[in-house]
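**Student:** Just so you know, the sequence shown maps onto residues -21 to -1, 1 to 250 in mature numbering (1 follows the signal peptide of the UniProt record, and there is no 0).
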Amino acid sequence: MHWNVALRTAGLWVILSLAVGQLTEQEKSNIIDLHNDIRSTVQPSAAFMQKVVWDETLRLVAEAYASKCIWKHNPQLEELRMGENLFVGTGPFNATKALLNWFKERVDYDFENNSCPEHKMCGHYTQMVWADSSRIGCATHFCDTLEGLSFKKATLLVCDYFPAGNYNGKKPYESGAPCSKCPEDLSSCEDNICVAENLFNSSDKPESEDTEAPTVLPTHPGTTTEPFTVPEEPTQVHVNIERAIESEMNHGSKMESVSASLLMLVWLLVL
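1. Kindly list the residues whose CB is nearer than 7 Å to the CB of N53, restricted to its own chain and excluding five residues on each side of it in sequence; keep chain order.
2. Need the endpoints of the beta strand (DSSP E) that S159 sits in, please.
3. Can you tell me which of the three DSSP states E35 falls into?
4. For W50, which option in L125, S166, V86 has the closest C-alpha, if you only look at C-alpha atoms?
5. For T3, does the three-state DSSP call read helix, strand or coil?
6. Look at the Cβ atom of L128, then the Cβ atom of A74, and state whether they are nearer than 8 Å.
7. Alpha carbon to alpha carbon, how far is F27 from S166?
8. Just to confirm, is the Cβ distance from V40 to D139 under 8 Å?
9. From K131, L59, N145, C158, pick the residue whose C-alpha is nearest to that of C101; which is it?
10. With the cut-off set at 8 Å, would you say W33 and I11 are in Cβ contact?
11. By the three-class DSSP mapping on this structure, what secondary structure does R60 have?
12. Please classify V137: does DSSP put it in a helix, a strand, or coil?
13. How many angstroms separate the CA atom of A175 from the CA atom of F90?
14. Please report how far the alpha carbon of residue 269 lies from the alpha carbon of F141, in whole angstroms.
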């Protein structure tokens, strides 16, 4: 089924008047840049990793769903084969802080065994670094109340990914020398990521494919205050991530209202 037809069938086209608290162009850029920074520095290194790009169609899907102010994942993502990460917080919203909360799950994820400790969540991180996911669209909505959550006057962030990640039993990427398994259509290597020479000339929307959907695994919303570090030899990308973390810590110490965040990961059901 063609991408646009699938979206219409799912009834996910957004009415522009619903857009409240839209992400700024700078925030969109930060979301993409931080994803790619993290993807380029995964450990162990990835033999194949794609660069992610912003997708307005996914943004429309995320915006339409965020406006519903529901604290659970969009059930209509199943047929569209999309992945989804959610974040909600009170107080001033900061997209970088939301992504760094997802990234912190890295310390709990065991790549070798493709496992996560019981009562921990790692799926936000694995979706962020899922090698085959190449498009992201995110949106925010300010909610007076949230169905399924006691928060009031909170900002909900929805990020949708295509193709979906987090297939049950599969690692987010294949380890190996960076760019050692780039396919012909992504033959160039840029910051340890496989890219096409004419990457930005290839903007056709993907069509839905008849592929296996990720199996649902038990997850639960939770909060995390655990610190995290960026191990291995430091690079400029590591420095950028650490600076973002330091900036958020400094900013947080000056805030009069404390932001509370909850996280939830989508694992799509087999149709």
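Ideal Cβ placement from N, Cα and C applies to all residues, glycine included.
**Tutor:** Reading from the atomic positions:
1. On the sequence shown, residue 53 is found 74 positions in, with the first residue counted as 1. Hits under 7 Å: Y44, E63.
2. Here residue 159 is taken as the residue at index 180 of the sequence shown, counted from 1. First-last for S159: undefined, no H or E at that position.
3. One-based indexing of the sequence shown puts residue 35 at position 56. The answer is helix: DSSP assigns E35 an H, G or I state.
4. Here residue 50 refers to the residue found at position 71 of the sequence shown. Nearest of L125, S166, V86 to W50, Cα basis: L125.
5. Position 24 of the sequence shown, counted from the start, is the residue given in the question as residue 3. If DSSP states are grouped into helix, strand and coil, T3 belongs with coil.
6. Counting from one through the sequence shown, the residue named residue 128 turns up at place 149. Counting from one through the sequence shown, the residue named residue 74 turns up at place 95. Contact flag unset, no.
7. Along the sequence shown, one-based indexing puts residue 27 at 48. Along the sequence shown, one-based indexing puts residue 166 at 187. About 10 Å.
8. Here residue 40 corresponds to residue number 61 of the sequence shown, with the count starting at 1. Here residue 139 corresponds to residue number 160 of the sequence shown, with the count starting at 1. Against a cut-off of 8 Å, the Cβ pair of D139 and V40 comes out as a contact.
9. Within the sequence shown, residue 101 is the residue found at index 122, counting from 1. Among K131, L59, N145, C158, the Cα nearest to that of C101 is on N145.
10. Within the sequence shown, the letter at position 54 stands for residue 33. Within the sequence shown, the letter at position 32 stands for residue 11. Judged by beta-carbon spacing, I11 lies within the 8 Å limit of W33, meaning their Cβ atoms are closer than that value.
11. As a working note, residue 60 is residue 81 in the sequence shown. Here R60 sits in coil by DSSP.
12. By 1-based counting over the sequence shown, the position of residue 137 is 158. In this structure, DSSP gives V137 an extended state, which the three-state scheme calls strand.
13. Residue numbering aside, residue 175 sits at position 196 when the sequence shown is read from its first letter. Residue numbering aside, residue 90 sits at position 111 when the sequence shown is read from its first letter. Using only the alpha carbons, I get a separation of about 27 Å.
14. In the structure as shown, the chain begins at -21 and stops at 250. Residue 269 is therefore absent and cannot be evaluated.
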